[in-house]
Every structure is written in structure tokens, then in C-alpha cells.
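The structure under discussion appears below in the form of C-alpha cells.
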Amino acid sequence: MKEQNRKSKQTLMEAEAQIKSEEAAEENSEKKNAASQATKQLNQGKAAVQKLAEANAAAAAAQRKRERPKETIRQKNKRKMKLGQAKFTVKSNRECPDIYRPPGS
Numbered sequence: 015m016k017e018q019n020r021k022s023k024q025t026l027m028e029a030e031a032q033i034k035s036e037e038a039a040e041e042n043s044e045k046k047n048a049a050s051q052a053t054k055q056l057n058q059g060k061a062a063v064q065k066l067a068e069a070n071a072a073a074a075a076a077q078r079k080r081e082r083p084k085e086t087i088r089q090k091n092k093r094k095m096k097l098g099q100a101k102f103t104v105k106s107n108r109e110c111p112d113i114y115r116p117p118g119s
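Below, the structure is given as C-alpha cells:
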């Protein structure tokens, strides 16, 4: 009887140990799954950030391409004359008085 009790206790302890090891294995696999999902999400986030950075760089390059280069006053005046928006005259041909040369001199 004692021998049977000892054997049943031993089998019970072995079963408990097996259950604990299975639970630990399940826990580890759940942790691994959670870690792999977190890694996937992190990689997706990194990819999204990289795509966003590339898109911003492309937009900045397009903006720089669209901008006119800085033009000088002479270049601007020449462009306006070509378009017919500006007419330049010689000062002596204008009706305004010349303060440096009084009339009759």
C-alpha cells in the first residue's frame, strides 16, 4: 500500500512537472510571439519613417526646382521690358526737372 502511494505520488509529481514545463513552454512561445509582433511593428514603423523622410526630401527637392533663382534688378527689368510691363526712358527726355542742371544752362 505504501509502495502504491509512493508510486502514485511520484507519477503525480511527474505529471505536475510535465504540466509546469508545458505551461512554461507555452509562456515562452507567447512571449516570443509578442516579441516578434513587436519587432514587426517596429520594423514597419521604421519603414514608414524612412518613406516619410524620402517623401519629404523629394518634396524639398521639387520645391527647390520650382523656385526661381535669385535675379538681379537688371535681370528683372529686362524680363519686365520683354513682357511689355515696364518702359524705361532717359532722364533728360522726361518732363521732370533735373535738379542738378537748372533750365537754361
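When you number the sequence shown by the numbering used here, it's gap-free, plus one each residue, and the end is 119.
A virtual CB, placed ideally from N, CA and C, is assigned to each residue, including glycine.
Counting along the chain, the unbroken alpha helix (DSSP H) around glutamine 89 starts and ends at 87-97.
Here alanine 100 has Asn91, Lys94 as same chain residues with Cβ atoms under 8 Å from its own Cβ, once five neighbours each way along the sequence are excluded. Rounded to the nearest whole angstrom, the CA to CA distance from glutamine 24 to serine 50 is 38 Å. In the structure shown, lysine 65 adopts helical secondary structure according to DSSP, grouped into three states. Shown here, isoleucine 113 sits in coil according to DSSP, grouped into three states, outside any helix or strand.
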